[in-house]
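Engineer: Sequential numbering of the sequence shown, starting at 199, is according to the working numbering.
A virtual CB, placed ideally from N, CA and C, is assigned to each residue, including glycine.
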Amino acid sequence: MLMHQGIGLERFNTMNHRQAVHALFECCPSVTWASTIVDRRPYASYDDLFRAADTELGELSEADIDEALTGHPPICSRLNRFRSAQEQCAVVVSEDEQEMLRSACASYQELFGFRLLCVPAGRTAPALTAEITGRMHNDRDTERKVMRNELAKINHIRLERMLGPEEGYPLY
C-alpha cells in the first residue's frame, strides 16, 4: 500500500527532495530511478511525468532493475490477502490454483534467475499460469525486456495512485 496517495502533481512538484524520492520509491523501489525523476521536476502534466518515468526506466542498469525487483513480492506470496488487492501480486485463487501458480513462478525464477513480474489484474490463475509458461520460451534477454515492460506498467499504476486523478478529487 502506498503512503503517498492522491497527492497531485502540484504537491509532488513542490515536495522537498527527500519526500519526493520517498514517494516515487513507493512506486518503483529504485533509488536511481526515483532520484533522477525528482531531479527533473517540475512536470507540467501527468503525461510529462509518465514519459520521464518510462525514459528513466529504460536508462536503468540491469543492477538497478534487479534492485527494483526486490521491492515486488513474488506473485504467489500474497494471494488471497485483502491488503494486496490493489497491488500487482493480488489474485484470489483456490488452493490448487495457488500451487499451480507457485510452481510456475518457481520454474520461471529457476530458469531466468530473477523474479517473475507481471500485471495480473482481471485475469484468472489459469490465464496467468499460461502466460508464465509462455514466457518461459523466451531467451533471457527477451525476458528481461518483457519484465521491464511489465515494470513500466506497474509503475504507471502506482504513479496514478500516488498522484490521484488528474482532474483532482471531487469536493464533498
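(1) Between the segment 223-236 and the segment 199-209, can you find at least three pairs of beta-carbon atoms closer than 8 Å?
(2) Compute the Euclidean distance between the alpha carbons of valine 291 and glycine 320, then round it to the nearest angstrom.
(3) Please list the terminal residues of the continuous alpha helix (DSSP H) segment that includes cysteine 303.
(4) Classify alanine 242: buried if its beta carbon has 16 or more other beta carbons within 10 angstroms, exposed otherwise.
(5) Okay, do the segment 291-300 and the segment 235-251 touch, 3+ Cβ pairs below 8 Å being the bar?
(6) Please specify which runs of the alpha helix (DSSP H), each continuous and at least 4 residues long, are wholly inside the segment 206-282, giving them in chain order.
(7) Should the segment 298-308 be called in touch with the segment 323-342, which here means at least 3 C-beta pairs below 8 Å?
(8) Suppose you measure from the CA of glutamate 208 to the CA of alanine 218; what does that come to, to the nearest Å?
(9) Taking C-beta to C-beta, are histidine 270 and isoleucine 352 nearer than 9 Å?
(10) Apart from the five residues on each side of it in sequence, which residues of its chain come closer than 6 Å, Cβ to Cβ, to aspartate 264?
(11) What did DSSP end up calling isoleucine 321 once you bin it into helix, strand or coil?
(12) When the Cα atoms are used, what is the spatial distance from leucine 326 to leucine 315?
(13) If aspartate 252 sits next to threonine 230, beta carbons under 8 Å apart, how far is it from one beta carbon to the other, in whole angstroms?
Structural biologist: So, to answer that:
(1) yes
(2) 12 Å
(3) 293-310
(4) exposed
(5) no
(6) 206-212, 215-225, 229-237, 244-257, 260-267
(7) yes
(8) 12 Å
(9) yes
(10) none
(11) It is worth fixing the name first, because residue 321 is arginine in this sequence and not isoleucine. Of the three classes helix, strand and coil, the one that applies to arginine 321 here is coil, per DSSP.
(12) 11 Å
(13) Wrong, their Cβ atoms sit about 15 Å apart, outside the cutoff.
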